[in-house]
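The opening residue of the sequence shown carries number 1 in UniProt numbering; numbering runs sequentially from there.
By construction, the Cβ of each residue, glycine as well, lies at the ideal position given by its N, Cα and C atoms.
Heads up, the thing below is written out as structure tokens.
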Amino acid sequence: MASAVVTPARRQQLVRFFLVGVVAASAQTVLLWSFVDVGGLNYILGAALAIELTILFQYVLNNAWTFHRSQHSTLKEYMLGMGKTNLVRGTAIPLQLGLLYAFVTWGGVTYLIGNGGAIVITGVYRYALDAHWTWG
């Protein structure tokens, strides 16, 4: 029954969103490591900066590839879409940072592993809002 709801186009969109997410999560991890281990920032501050940079990066990739059928092509559409995705993903930042803190503080994992777990958990939330509001 579930396969009847997920159309081939939606399935392709989910796969592309996931692949963009994997690339962005990798970039976010490298940025986080750079900010913390190289730059000496606190891991929560480093994560917030890394998240914001990858929000912008993901918007560019998702607009061009994942949501190409409803792509924002004019400057006005592009900037409005970037604002929407920043709002959508920005609301996930406290959730992701809270999860990261919990994983590190109470879960005893390193900040890079904790960040990976937080990315996975908040990914479903980000897809649902982006798919329906930013590009919907």
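When the Cα atoms are used, residue 66 and residue 11 turn out to be separated by approximately 11 Å. Counting only runs of 4 or more residues that sit fully inside the UniProt domain "GtrA/DPMS transmembrane" (16 to 135), the alpha helix (DSSP H) segments are 43 to 61, 75 to 105 and 111 to 129, in chain order. Under the three-state reduction of DSSP output, residue 5 falls in the helix class. Taking all protein chains in view, the Cβ of residue 54 is crowded by 16 or more other Cβ atoms within 10 Å, so the residue is classified as buried. Contact between residue 17 and residue 62 holds, since their C-beta atoms are separated by about 7 Å, short of 8 Å. With respect to the 8 Å criterion, residue 92 and residue 126 are classified as neighbours on the basis of their beta carbons. In this structure, residue 58 sits away from residue 9, with a CB-CB distance that is not shorter than 8 Å.
Here the alpha carbons of residue 32 and residue 40 stand approximately 11 Å from one another. Non-local C-beta neighbours of residue 50 in its own chain, meaning closer than 7 Å and more than five positions away in sequence, comprise 28, 31, 32 and 35, ordered along the chain.
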